[in-house]
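J.: Please read through the structure below; I'll follow up with questions.
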Amino acid sequence: MLAKQRYIKMERVLNGSGMDTVVLELDLLLDGETIIAEGRSFPLKDVYDISYRIVGGQLGILYLHTSSGVYPFNVEEDPAAFILAFKRTASRR
15 MLAKQRYIKM
25 ERVLNGSGMD
35 TVVLELDLLL
45 DGETIIAEGR
55 SFPLKDVYDI
65 SYRIVGGQLG
75 ILYLHTSSGV
85 YPFNVEEDPA
95 AFILAFKRTA
105 SRR
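Printed below as a string of C-alpha cells:
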C-alpha cells in the first residue's frame with residue numbers, strides 16, 4: 015500500500031421509530047495498480063486525475079476522475095499526501 019485516505023460515508027437506516035443516520039469511516043487505499051474503496055476498485059490506468067475541494071469547515075470532497083465517471087468521497091483530513099502519491103505513481107506509468 016502506497017497511501018491511505020480516510021473518507022466518510024453516511025447511510026440512512028430504518029429503525030423501529032424512524033430513520034437514523036449512520037456515519038461510517040472508511041479508507042481509500044492506493045497500491046501500485048489500483049485505488050480501492052469499499053466495494054469498488056479503480057485500476058490506475060482508468061483514473062485520469064484526483065481533485066479536492068473544501069466545502070465548509072473541516073469537510074471536503076475528494077473527486078476521482080475516471081474513465082467511467084467522477085466519484086466523490088467526503089473527507090475530513092487533507093488529502094494532499096494521497097493525491098501526491100497518486101500523481102507520483104501515475105507519472106511512472
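Residue 15 is where the sequence shown starts when you use the working numbering, and the numbers rise one by one after that. We put the CB at the ideal spot given by N, CA and C, even for glycine. Being a predicted model, the structure only gives us computed values, none of them experimental.
Looking only at its own chain, which residues have a Cβ that is under 7 Å from the Cβ of Leu73, when we skip the five neighbours before and after it?
T.: Asn88 and Glu90
J.: Going by DSSP, what residues sit across from Ser65 in a beta bridge?
T.: When DSSP reads this structure, Ser65 sits in a beta bridge with Tyr77.
J.: Less than 8 Å between the C-beta atoms of Ile49 and Leu58, yes or no?
T.: A contact, by the Cβ cut-off of 8 Å.
J.: Do Ile75 and Val84 have their C-beta atoms closer together than 8 Å?
T.: no
J.: Looking at Lys23: is its Cβ nearer than 8 Å to the Cβ of Leu44?
T.: no
J.: Cβ atoms of Tyr62 and Thr35: under 8 Å apart, would you say?
T.: no
J.: So Leu42 is in the beta strand (DSSP E); what residue range does that whole segment cover?
T.: Unbroken beta strand (DSSP E) run through Leu42: Gly32 to Leu44.
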